[in-house]
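One structure is given here, and the rest of the page talks about it.
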Amino acid sequence: MFKKGSKLYSILRGVCPKCHSESMYLNKNPYMLQDTLKIHDHCSHFKTKYRLEPSFFYGSMYVSYGVGIAFAVAAFVISYLFLDTSLNVSFIAIVLTLIVFGPIIMRLSRNIWINIFMKYDENLAK
Ligand SMILES: [Zn+2]
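Taking our numbering, the leading residue of the sequence shown gets 25, the next gets one more, and so forth.
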């Protein structure tokens, strides 16, 4: 499921959605905040353009809403149900989770967004 060639591989690792052989991002570490959203113009292997049109990645905001909700629900379930904290503490846990995982949420959203429009090409990867 997480092998090269699956969309999950590209989404979780942030690699080129067509060939899966290199990272789309200038800096692999999402917590280098000045580089979190900096992306190469195209893949160095096959010149796959990452921005299909100007402002292409604005659409990933829709995805980031869903991804953020998933992280928030996970934080709530862990803090409220498993750790048995109060609602106020659970709320703080949700806010902290969204702040701490913000860069990861942004990147995951972009990876999901670009993988909606492009798919792995076996012939390119060979
Ligand atoms: Zn590529």
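All C-beta atoms, glycine included, are put in the ideal place defined by N, C-alpha and C. Computed from a prediction, not measured in an experiment: that's the story for all the values here.
{"Check": "How far does the alpha helix (DSSP H) with residue 112 in it reach, from first residue to last?", "Outcome": "111-124"}
{"Check": "Between the region 83-91 and the region 129-137, do at least 3 Cβ pairs fall closer than 8 Å?", "Outcome": "yes"}
{"Check": "Thinking just about the alpha-carbon of each residue, which of 49, 92 and 117 is nearest to the one in residue 59?", "Outcome": "49"}
{"Check": "In whole angstroms, what is the alpha-carbon distance linking residue 30 and residue 105?", "Outcome": "33 Å"}
{"Check": "Cα separation between residue 116 and residue 55?", "Outcome": "21 Å"}
{"Check": "As an exercise, report each continuous alpha helix (DSSP H) stretch of at least 4 residues that is fully enclosed by the region 32-73, in chain order.", "Outcome": "none"}
{"Check": "Buried or exposed: where does residue 39 fall if 16 or more other Cβ atoms within 10 Å of its Cβ makes it buried?", "Outcome": "buried"}
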